[in-house]
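Here numbering that gives the first Met the number 0 is used: the first residue of the sequence shown is 0, the next is one more, and so on. Note that the Cβ used here is the ideal one computed from N, Cα and C, for glycine as well. None of these values were measured; they are calculated from a predicted model. First the structure, in the form of structure tokens, and then the observations on it.
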Amino acid sequence: MLKLILFGGKGGVGKTTCASAAAVQLADAGMRTLLLSSDPAHSLSDCLEQEVGPEITPVDGVRGLWAVEISAEKLYLEFREEHGEEISRILETGTYLDAEDITGLLSLPIPGLDEVMGFKELVDLMEKEEYDLYVLDTAPTGHALRLLALPEVLDQWIRILARIRYKYQYVVSRLSGKQVREAADDFLFSMKRALKKVHALLRDPDRCEFVVVTAPEAMVIAETRRLTKALATFGIAVNHLIVNRVISSDHRDCLFCYERWQGQRGDLQEIEASFSAYTRFKILELPRQLRGVKMLRDLPCAPLPWLAGSLRPRGERAARKTMGARRQRTGGIRRKP
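What follows is the structure, given as structure tokens:
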């Protein structure tokens with residue numbers, strides 16, 4: 000059963016809008032949905048027209064939808080505060096670094112660890128099973144690809160630290176005649192388990208799908224091609240592609256619009272040819288900025304038809320059989336259950 004949908008693409012193509020619209024429409028269909036953002040330049044608050052921060056917040060006007068902006072930096076600081084002693088212990092017992100060197104080393108940010116902590120937080124939330132579906136608005140392509148590659152990079156670091164611990168434990172056991180398990184060992188095991196969960200989730204097509212958002216522009220298409228190839232290399236399922244900001248052909252009376260439409264024709268043909276393996280959905284260019292729940296409800300990226308077979312809402316929250324309908328709901332701030 001599909002549990003996690005990631006929306007990604009080049010910056011500025013409308014990832015946040017598409018992710019938010021999908022979350023609103025899925026919640027309207029009866030799915031208890033959590034909308035998350037891992038983009039450092041969080042835009043959920045602007046898109047939903049309400050304050051969204053690092054705490055899970057109910058979305059006004061949408062029953063069954065919550066939103067949160069993951070603060071990877073905050074999670075990393077908490078991680079360092081919680082596990083700094085264990086990391087220091089590993090380095091003290093397995094390297095020639097002294098206490099001052101280790102303190103200085105730990106004060107430096109470990110590249111990518113904050114982002115992995117953010118994804119680990121998502122996996123931890125999913126294990127609580129408080130929501131039917133999780134919709135993640137990712138950072139632009141470069142950051143997203145780095146995030147998806149980091150679990151394997153950090154796994155190599157953990158292997159190195161584990162070897163350091165093994166050598167230390169071997170010496171201790173030979174001298175004392177017994178095996179002594181310390182908090183540092185438990186820390187390494189817990190990190191290994193966390194990375195294994197992230198790895199398994201991302202590569203399970205039954206639970207996770209990456210929806211690529213693109214636009215009919217040469218540079219965007221080139222980056223989309225790079226993204227889809229990288230996702231295939233990582234083994235992450237991609238079935239659907241949203242083509243945003245498409246100019247309608249109904250504007251022949253507007254010379255500016257007509258010229259833009261003519262300019263997009265070749266790019267749209269290239270999208271059809273390059274991404275024929277994916278189901279493609281087009282969203283027309285809108286005359287104004289799309290903000291607020293009402294406009295998100297009406298955005299025709301309608302995830303329901305292509306997700307219906309993969310989703311099974313619980314009991315009383317079963318989705319309507321008629322996917323094309325829209326149910327208007329209102330509600331004030333609600334506490335997280």
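Bridge partners of W65 according to DSSP: L33, P57.
Residue range 254–273 is occupied by the alpha helix (DSSP H) that includes L254. Boundaries of the alpha helix (DSSP H) harbouring H198: 182–201, taken from the DSSP string. Between E80 and T102, the alpha-carbon positions lie close to 12 angstroms from each other.
Under the three-state reduction of DSSP output, I235 falls in the coil class, being neither helix nor strand. Between the alpha carbons of I220 and V23 lies a gap of roughly 27 angstroms. DSSP places K281 inside the beta strand (DSSP E), whose first and last residues are 278–283. For D136, the uninterrupted beta strand (DSSP E) run begins and ends at 132–136, by DSSP. Counted as a single uninterrupted DSSP element, the stretch harbouring T213 is not any alpha helix (DSSP H) but the beta strand (DSSP E) occupying residues 207–213. Cβ neighbours of Y277 within its own chain (closer than 7 angstroms, five residues either side excluded): V237, N238, H239, L240. DSSP, read as helix, strand or coil, puts V12 in coil.
For V245, the beta-bridge partners assigned by DSSP are L283.
When the beta-carbon positions are compared, V134 and T32 come within less than 8 angstroms of each other. In chain order, F233 place their CB closer than 6 angstroms to the CB of L147, counting only its own chain and leaving out the 5 sequence neighbours on each side. D252 and E258 have their C-alpha atoms spaced approximately 11 angstroms apart. In this structure, I69 sits near S37, with a CB-CB distance shorter than 8 angstroms. Membership of L90 in any beta strand (DSSP E) is not indicated; the residue belongs instead to the alpha helix (DSSP H) covering 71–93. Counting C-beta atoms within 10 angstroms of its own C-beta, M30 has 16 or more neighbours from the protein chains shown and is therefore classed as buried.
Note that the stretch 155–174 touches the stretch 72–92; at least 3 beta-carbon pairs, one per stretch, sit closer than 8 angstroms. By the neighbour-count criterion, in which 16 or more other beta carbons inside 10 Å mark a residue as buried, Q268 falls on the exposed side. For the 8 angstroms CB-CB criterion, T137 and L5 form a contact.
DSSP links G7 through a beta bridge to V211. Each of D297, D154, P53, R224 was checked against the Cα of T213, and the nearest Cα belongs to R224. Around the beta carbon of M190, 16 or more other beta carbons sit within 10 angstroms, so the residue counts as buried. Per DSSP, S106 lies in no alpha helix (DSSP H) and is assigned neither H nor E. Of the candidates V51, D27, A20, the residue whose Cα lies closest to the Cα of V61 is D27. A residue is called buried when at least 16 other Cβ atoms come within 10 angstroms of its Cβ; F78 meets this threshold and is buried. Judged by DSSP in its simplified three-state form, L96 adopts coil rather than helix or strand. Straight-line measurement puts the Cα of K73 at about 27 angstroms from the Cα of A20. Contact annotation, R206 with K2: C-beta distance approximately 5 angstroms; criterion of less than 8 angstroms satisfied. Put simply, of F280, G141, H198, A272 the residue whose alpha carbon is nearest the alpha carbon of K119 is H198. L240 is bridged by DSSP to V211, R279.
In terms of Cα proximity to Q49, the closest of V292, P299, D297, R296 is V292.
Less than 8 angstroms separates the beta-carbon of R279 from that of V242.
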